[in-house]
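So the structure is just underneath, and the comments pick up after that.
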Amino acid sequence: MSENLPSHPLLHFPRRRCRSLRLIYEGLNLDIRFEGAAVSYGARQALQPLSLLLAENRIGVIGLNGSGKTTFARLINGLAKPTAGRVLVNGRDTADERGALGDVGFIFQQPQNQIILPIVKDDIAFGLKSRGVPKSEIEARVEAVLTRFGAAHLGSRRAHELSGGELQIAALASVLVTGPDILILDEPTNQLDLKNRVLVQRLIEGLPENAIVITHDLELIAGFGRVLVFHEGALAADAPAAEAIARYREIAG
Ligand SMILES: Nc1ncnc2c1ncn2[C@@H]1O[C@H](COP(=O)(O)OP(=O)(O)OP(=O)(O)O)[C@@H](O)[C@H]1O
Ligand SMILES: [Mg+2]
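Residue numbers (my numbering): 19 to 271.
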């Protein structure tokens, strides 16, 4: 399948500088390529050499603790560098082109690593400021994203005082406000109550962005056409959700 995808010239455009092409671009598939990409930490191999193409709008990632899921995801946004092989996002090598980072929004497994500024709405605004969004637009966009998450009451709160779930919602807002093309969510529901879990599930279902969802919450990815199962740093299954979940259950014993 990977070789049949068109190599579109627009894939190599600096899109942030070329807004008018953005709409055309968004009609194209996600294009993430792992080419023998592996990650070792000293003698420990966190990810064994992996080659695959990710081109689906929704991709689930499941597996036991320590199986390599977060390592896999960090390769996509350049937070981790492959110690062998390479990873290309829309044709750009994530190891040496910082430009690729702008395309990928990453919701961290620990949301406290996400929020940098003390006050929630300042943190959400920060991503917009650094992308050159006019001041006059920023406040309205921050309000809108908080409202979208039913979290307007969190805007003026100190991030370090928030509960785990509140922080997870704030982290989602601070990433989604910038409108990334690809969203990676690393266990986005692990601290959420039932109400917020349903909110996040619906949000994922309705996202226009491409989303890669890493989770132990199997219901969250049950409808996905493609789910990767990692085991001991290697891909143990790459299949529609039902088949992948069955394989995961076998592995988990
Ligand atoms: N910075 C690091 N230094 C050393 N070892 C690491 C580092 N990061 C990850 N590892 C190891 O790599 C392996 C894979 O870790 P990873 O975080 O990718 O697992 P995971 O599948 O996301 O697990 P979990 O479900 O617990 O989040 C683990 O054995 C982990 O201890
Ligand atoms: Mg992880």
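Yeah, the Cβ is synthetic: ideal placement off N, Cα and C, and Gly gets one too. Computed from a predicted model, the values in this text were never measured in an experiment.
When the beta-carbon positions are compared, Pro-100 and Leu-185 stay at least 7 angstroms from each other.
Annotation for Asp-204: Lys-87, Thr-88, Ala-91, Phe-124, Ile-125, Phe-126, Gln-127, Ile-232 place their beta carbon closer than 8 angstroms to its own, counting only its chain and skipping 5 residues before and after.
Assigned with DSSP and collapsed to three states, Leu-212 falls in helix. Proximity of the beta carbon of Arg-220 to ligand 1 is not indicated: no heavy atom of the ligand is located closer than 6 angstroms. Within the same chain, and ignoring the five residues on either side of Leu-97 in sequence, the residues whose Cβ sits closer than 8 angstroms to its Cβ are Phe-124.
The shortest CA-to-CA distance from Val-218 to any of Ile-80, Arg-104, Ile-239, Ala-264 is the one to Ile-239. Here the distance from the Cβ of Thr-233 to the nearest heavy atom of ligand 2 is not below 6 angstroms. Taking 4 residues as the shortest admissible run, the segment 54 to 118 contains the following complete alpha helix (DSSP H) segments, listed from N- to C-terminal end: 87 to 94. Between the C-alpha atoms of Asn-83 and Asp-111 there is a straight-line separation of about 28 angstroms.
The DSSP-derived three-state label of Leu-217 is helix. One Cα belongs to Asp-140, the other to Leu-210, and the distance between them is close to 23 angstroms. Each of Tyr-59, Ala-64, Asn-83, Gly-84, Ser-85, Gly-86, Lys-87, Thr-88, Thr-89 has a C-beta closer than 5 angstroms to some heavy atom of ligand 1; these make up the full list, in chain order. Taking Ile-230 as the centre and dropping the five residues before and after it, the same chain places the C-beta of Ile-77, Ile-202 closer than 6 angstroms to its C-beta, in chain order.
Residue Gly-168 holds the alpha-carbon nearest to the alpha-carbon of Leu-190 among Asp-114, Gly-168, Arg-104. Counting other Cβ atoms within 10 Å of its Cβ, Thr-165 stays below 16 and is therefore classed as exposed. Going by DSSP, Arg-166 is part of the alpha helix (DSSP H) stretching over 153 to 166. Contact annotation, Gly-271 with Ala-259: C-beta distance approximately 20 angstroms; criterion of less than 8 angstroms not satisfied. For the 7 angstroms CB-CB criterion, Val-138 and Gly-173 form a contact.
With respect to the 7 angstroms criterion, Gly-251 and Leu-71 are not classified as neighbours on the basis of their beta carbons. Distances taken from the Cβ of Gln-127 to the heavy atoms of ligand 2 include one shorter than 6 angstroms.
By the beta-carbon neighbour count (other beta carbons within 10 angstroms, threshold 16), Arg-62 is exposed. For Asn-208, the closest of Asp-235, Glu-261, Arg-265 by C-alpha to C-alpha distance is Asp-235. Counting only residues of its own chain and dropping the five nearest sequence neighbours on each side, Arg-215 has a CB closer than 6 angstroms to the CB of Thr-207. Gly-54 is not a Cβ neighbour of Val-247, given a cutoff of 7 angstroms.
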